[in-house]
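Just so you know, the sequences run in chain order A and B.
Once you know that position 127 of the first sequence is 129 in our numbering, the rest is easy, because the numbers rise by one and skip nothing.
Once you know that position 179 of the second sequence is 394 in our numbering, the rest is easy, because the numbers rise by one and skip nothing.
Glycine included, each C-beta is placed from N, C-alpha and C at the ideal position.
Source: prediction; values computed, not measured.
Note sheet for the following structure.
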Amino acid sequence: MIRALRWLPWATRASPLREASRPLDVRAVQAEHAELVWASLQRLGVRDRDLEDLMQEVFVVVHHRLDSFDPTRSMPRWLFGICRRVAAAHRRRAYTRREEPREGAGEGEIEEAPDPEQTAEARQMREQMERVLGDLKPELRVVLVMFEVEDLPCEAIAEELGIPVGTVYSRLHNARKAFERALSRRRARGGVL
Amino acid sequence: MSDPLRWKDPSGDAPPEVRALFAAAQKSRPMTTAERERSTRRVARLATIPVAVGLLATLKGLASAAGIGAMSAVLLIGGVLLITDPPLRSATPSGSAGRDVDIPVAAPAAPPASPLRVELPSSAPPADGPASLSPAVRPAPPAGDTSSAGPLSSANTASPEAPEVEPAPSSVALPEPDSLLREALLLDEARAMLASSPAGALSRLEQHAREFPHGKLGLEREILTLEALTRTGRRPEAIARGQALLARVAGTPYEPRVRAMLGNPP
Numbered sequence: 003m004i005r006a007l008r009w010l011p012w013a014t015r016a017s018p019l020r021e022a023s024r025p026l027d028v029r030a031v032q033a034e035h036a037e038l039v040w041a042s043l044q045r046l047g048v049r050d051r052d053l054e055d056l057m058q059e060v061f062v063v064v065h066h067r068l069d070s071f072d073p074t075r076s077m078p079r080w081l082f083g084i085c086r087r088v089a090a091a092h093r094r095r096a097y098t099r100r101e102e103p104r105e106g107a108g109e110g111e112i113e114e115a116p117d118p119e120q121t122a123e124a125r126q127m128r129e130q131m132e133r134v135l136g137d138l139k140p141e142l143r144v145v146l147v148m149f150e151v152e153d154l155p156c157e158a159i160a161e162e163l164g165i166p167v168g169t170v171y172s173r174l175h176n177a178r179k180a181f182e183r184a185l186s187r188r189r190a191r192g193g194v195l
Numbered sequence: 216m217s218d219p220l221r222w223k224d225p226s227g228d229a230p231p232e233v234r235a236l237f238a239a240a241q242k243s244r245p246m247t248t249a250e251r252e253r254s255t256r257r258v259a260r261l262a263t264i265p266v267a268v269g270l271l272a273t274l275k276g277l278a279s280a281a282g283i284g285a286m287s288a289v290l291l292i293g294g295v296l297l298i299t300d301p302p303l304r305s306a307t308p309s310g311s312a313g314r315d316v317d318i319p320v321a322a323p324a325a326p327p328a329s330p331l332r333v334e335l336p337s338s339a340p341p342a343d344g345p346a347s348l349s350p351a352v353r354p355a356p357p358a359g360d361t362s363s364a365g366p367l368s369s370a371n372t373a374s375p376e377a378p379e380v381e382p383a384p385s386s387v388a389l390p391e392p393d394s395l396l397r398e399a400l401l402l403d404e405a406r407a408m409l410a411s412s413p414a415g416a417l418s419r420l421e422q423h424a425r426e427f428p429h430g431k432l433g434l435e436r437e438i439l440t441l442e443a444l445t446r447t448g449r450r451p452e453a454i455a456r457g458q459a460l461l462a463r464v465a466g467t468p469y470e471p472r473v474r475a476m477l478g479n480p481p
């Protein structure tokens, strides 16, 4: 009665032939792009202690969706899209628990690990920065962080994200405007970011 | 085309306040070697996950696409599958939710008489994007725990009331590997939930303790419980349990991990 499944178009997609022709597997993607995923999640505001788990979530999605990846398209761009959605879901969950994303530091920490290099003022600035960045669209935020914080040239940003360099300029322009607007809005709400 | 001046550049046109914020911003840090190795190991385990696991995501995707609940999708697809007689078995990971939908079909090379069981986890969240796939995924158990586990597709995590699809009665039972696999899957599920939902992780760990009071992975469960308790704000309880655990893990590879959690490195 397997015939009963044939009229369901998706029922036969996982044929051995199809499997054999699959060019990539998640291990290859991880080997080549782990650093990109790692950095992208940070740029999207994922805090240090959640990075490893969220990176694994990204690769879980990759594992499940690799069949739908078009090899003629940019893998970094595809991965960034996944990172963006995983980070957004994480942010929603963090918001629900009234946690601030990217406020802590320290690999796998359980207890607060004081960082002697961080002054209270610098930490406060970073938290303010994070809140304003959190108001930006992810694709704008990432370009802004890569250019303004990580000092990457636009060509490198374009290559890493798999987008044209013209798009980088455009996003950078829009990101700056959006950042200024977000800053003003937060100031107008009460002077506290 | 040259790049624009950066905002934090003294000659840039950013307002002083903006410049100060960007000057104080934190750069991304690279992965450490240990983090990379851990990721490689976790992904290697993930890559071994058979398709039956993906079927749940598939059902969720179908449910999402059809605007019905996951349970309805299970019942609907279960109804279709129950009228088919060939055994459905491990195939490939499913496609994306709602669009590329795969149903695993029999693979010629697969070993016989390994019935597929499709079960709905007790707390499957609604499918609302790629990230929602993760709870549906049961990462393969750690190497060494499943050396004799056989095809992973033969069992996935389950809630007692979950619907089951068994194409044909089979006397083939995989009691020992099956229970070990289920142990590992429950713990992996808890581990995956630690960051996003420590209370949910704790619930999974309690479930493991109930189902496997003398399980082979009891130590791993206890260590995860310490972390889950800490993350849910129950630090004193975590410390008490950790100190009690120290005697059990003395001399094992778990000891440094427990000590580190207690803030008492060896």
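In the three-state scheme derived from DSSP, where H, G and I count as helix and E and B as strand, Pro231(B) is classed as helix. Going by C-alpha positions, Arg143(A) is about 27 Å away from His66(A). Judged by DSSP in its simplified three-state form, Trp222(B) adopts coil rather than helix or strand. Here Leu43(A) really is in contact with Leu56(A); their C-beta atoms are around 5 Å apart, less than 8 Å. Scanning Val473(B), Arg463(B), Arg446(B), Phe237(B) for the CA closest to the CA of Gln130(A) turns up Phe237(B). Collapsing the DSSP output to three states places Leu439(B) in a helix. What Leu400(B) touches in chain A, judged by beta-carbon distance under 7 Å, is nothing: the nearest beta carbon there is about 14 Å away. By the neighbour-count criterion, in which a residue is buried when 16 or more other Cβ atoms sit within 10 angstroms of its Cβ, Gly478(B) is exposed. Straight through space, the alpha carbons of Arg436(B) and Phe61(A) are spaced by roughly 24 Å. Contact residues of the stretch 241-267 of chain B toward chain A are Gln241, Lys242, Ser243, Arg244, Pro245, Met246, Thr247, Ala249, Glu250, Arg251, Arg253, Ser254, Thr255, Arg257, Val258, Ala259, Leu261, Ala262, Ile264, Val266 (C-beta to C-beta distance below 9 Å). Contact annotation for Val145(A) against chain B: no contact, minimum CB-CB distance about 12 Å [criterion: below 9 Å]. One Cα belongs to Gly448(B), the other to Arg51(A), and the distance between them is close to 16 Å. The three-state reading of DSSP puts Ile454(B) in helix, counting H, G and I together. Proximity of Ser412(B) to chain A, defined by a Cβ-Cβ separation below 9 Å, is satisfied. Taking a beta-carbon distance threshold of 9 Å, Ala124(A) counts as an interface residue toward chain B. Of the residues Pro428(B), Thr440(B), Arg425(B), Gly430(B), the one whose Cα lies closest to the Cα of Met408(B) is Thr440(B). For Met131(A), the enclosing alpha helix (DSSP H) begins and ends at 122-135. Look at Pro231(B): its C-beta is not under 9 Å from any C-beta on chain A.
One finds nothing in chain A with a Cβ atom closer than 9 Å to the Cβ of Leu420(B); even the nearest lies about 16 Å away.
When secondary structure is reduced to three states using DSSP, Met246(B) falls in the coil class, being assigned neither helix nor strand. In the DSSP assignment, Ala190(A) falls within the unbroken alpha helix (DSSP H) covering 167-190. With fewer than 16 neighbouring CB atoms inside 10 Å of its own CB, Gln458(B) falls in the exposed class. Between the stretch 218-228 of chain B and the stretch 145-158 of chain A there are three or more C-beta pairs closer than 8 Å, enough to call the two in contact. Take the alpha-carbon of Ser70(A) and the one of Thr263(B): they are about 19 Å apart.
When 7 Å is used as the limit between beta carbons, Asp218(B) is near these residues of chain A: Pro155, Cys156, in chain order.
Between the stretch 75-88 of chain A and the stretch 160-167 of chain A there are three or more inter-stretch CB-CB distances shorter than 8 Å, so the stretches are counted as touching. For Arg221(B), the chain A residues whose Cβ falls inside 8 Å of its Cβ are Phe149, Glu150, Asp153, in order along the chain.
Spanning the alpha carbons of Val170(A) and Pro140(A) requires a straight line of approximately 13 Å.
With respect to the C-alpha of Gly430(B), the residue from Ser394(B), Met246(B), Ala240(B) having the closest C-alpha is Ser394(B). CA-to-CA, the gap between Asp228(B) and Ile159(A) works out to about 22 Å. When Cβ-Cβ separations below 9 Å define contact, Met77(A) makes no contact with chain B. Of all alpha-carbon atoms in Val134(A), Arg49(A), Glu59(A), the one lying nearest the alpha-carbon of Arg187(A) is that of Val134(A).
Judged by beta-carbon spacing, Glu182(A) lies beyond the 9 Å limit of Pro225(B), meaning their Cβ atoms are not closer than that value.
Per the C-alpha coordinates, the member of Val28(A), Glu59(A), Glu132(A) positioned closest to Leu46(A) is Glu132(A). Contact annotation: Ser254(B) and Glu123(A) have beta-carbon atoms that are not nearer than 9 Å. Arg75(A) carries a coil assignment under DSSP once its states are collapsed to helix, strand and coil.
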